[in-house]
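Residue numbers (my numbering): 1 to 181. All residues carry an ideal CB built from backbone N, CA and C; glycine is no exception. In this text, all values refer to a predicted model and were calculated from it rather than measured experimentally. Below you'll find the structure, written out as structure tokens, and then a few comments.
And the structure:
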């Protein structure tokens, strides 16, 4: 990967890197195609591949010393799923009657914030989410702090612990959200 970062036009190195990650890339494209059937499979594959190359050559991945394949795979999955969600959401907005200007039909960020706040309050009442966990998620997801920055703010907590804690909180919230449907 370091050799490819130094010479990004080397197609042999790109091919070797892609071959090494084919199982993870295939799984990501298959999962996205299954969960978002309205997207063309070729578009999904192209997005997965472009995202993979961009992520694998990013400076943040180049600086990592351990768990590089896991970090690349998770980052690619997260970015591609967000892309797919945006694509489907944009298509639904344009399908709505009376939405000649899709920018006018976009949901208000304030409404999204209120929905999220109501969901957090519901989770606090039912015991799924503690106030401190809500604060961690707010800082990570809404304020855009990194796990390292949050660990520095908390003082004694290592960055990896903040990262794992956020994954556990998100898993519980996904479960709670699926039960609300």
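Less than 8 Å separating the beta-carbons of residue i and residue j?
i	j	result
residue 17	residue 56	yes
residue 29	residue 48	yes
residue 33	residue 44	yes
residue 128	residue 172	yes
residue 136	residue 153	no
residue 22	residue 51	no
residue 75	residue 24	no
Under the three-state reduction of DSSP, which class applies to residue i: helix, strand or coil?
i	result
residue 12	helix
residue 19	helix
residue 151	helix
residue 140	helix
residue 157	coil
residue 130	coil
residue 146	coil
residue 178	helix
Hey, out of the options, whose CA is closest to residue i's CA?
i	options	result
residue 36	92, 54 and 62	92
residue 148	73, 162 and 130	162
residue 177	67, 138 and 121	121
residue 209	118, 144, 83 and 95	With the chain covering 1 to 181 only, the question about residue 209 has no answer from this structure.
residue 126	26, 67, 175 and 69	175
residue 209	95, 157, 155 and 85	Because the chain in this structure spans residues 1 to 181, residue 209 falls outside the shown range and cannot be described.
residue 66	139, 160 and 19	160
residue 27	87, 81 and 12	81
residue 179	119, 158, 157 and 146	119
Could you check how far apart the C-beta atoms of residue i and residue j are, in whole angstroms? I think they sit under 8 Å.
i	j	result
residue 133	residue 169	5 Å
residue 39	residue 14	Wrong, their Cβ atoms sit about 25 Å apart, outside the cutoff.
residue 71	residue 64	6 Å
> Unbroken alpha helix (DSSP H) runs of length 4 or more, entirely within the segment 35-83: which are they?
Replying inline: Note on the segment 35-83: whole alpha helix (DSSP H) runs with a minimum of 4 residues are 41-56 and 59-63, in chain order.
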